[in-house]
Amino acid sequence: MFQAIENERKQQEDYDLSRREAILAEEKRIEEEDAEREHLEEEERRRQEEARIEAERLEAERIKAEKKQKKYEKWLAKMKKKNPGFVDPRIIKAQKAAAKAAAKAAKAKKKK
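Okay, here's the thing in structure tokens:
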């Protein structure tokens, strides 16, 4: 009789212990999932912040380029007003570079 009670008590302790272990394992799994989710959310926030900063930088560059273009157009109009035959030096430079490249191509073609 005493042995049966002792066995039952031992089985109950084993059952309680295994339940506690299962509960602890479940809690640990939940904590790990929460930590992983938080990590992923933090990475997403960081990516979004980087994308926002990059967008702001690109917008600032665009605005700067627009201002530069307007300033250039204003300067070009002023120069053409002073001298109707005025040609932008950049255009001349580009034309010279194109002519030079064409001459090189023709020279290379002659060699073949």
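Each number in the working numbering corresponds to the 1-based position in the sequence shown with 28 added. Each residue gets a CB set at the ideal place from its N, CA and C atoms; glycine is no exception.
Going by beta carbon distance, what residues of the same chain come within less than 7 Å of residue i, once the five residues before and after it are set aside?
i	result
A127	none
K137	none
Nearest to residue i by CA position, among the options, is which residue?
i	options	result
I119	A133, L104, K132 and N111	L104
Under 8 Å by Cβ, that's how I've got residue i and residue j pegged, so tell me the actual separation to the nearest angstrom.
i	j	result
K121	F114	Their Cβ separation, rounded to whole angstroms, is 15 Å, which puts K121 and F114 out of contact at 8 Å.
Leaving out five residues on either side along the sequence, give the residues of the same chain with a beta carbon under 6 Å from the beta carbon of residue i.
i	result
K56	none
M141	Outside the displayed range of the chain (29 to 140) lies residue 141, so it cannot be described from this structure.
Tell me the residue span of the alpha helix (DSSP H) that contains residue i.
i	result
N111	Element bounds for N111: n/a, residue is neither H nor E.
Leaving out the 5 sequence neighbours to the left and right, which residues in its chain are closer than 8 Å to residue i when beta-carbon positions are compared?
i	result
E34	none
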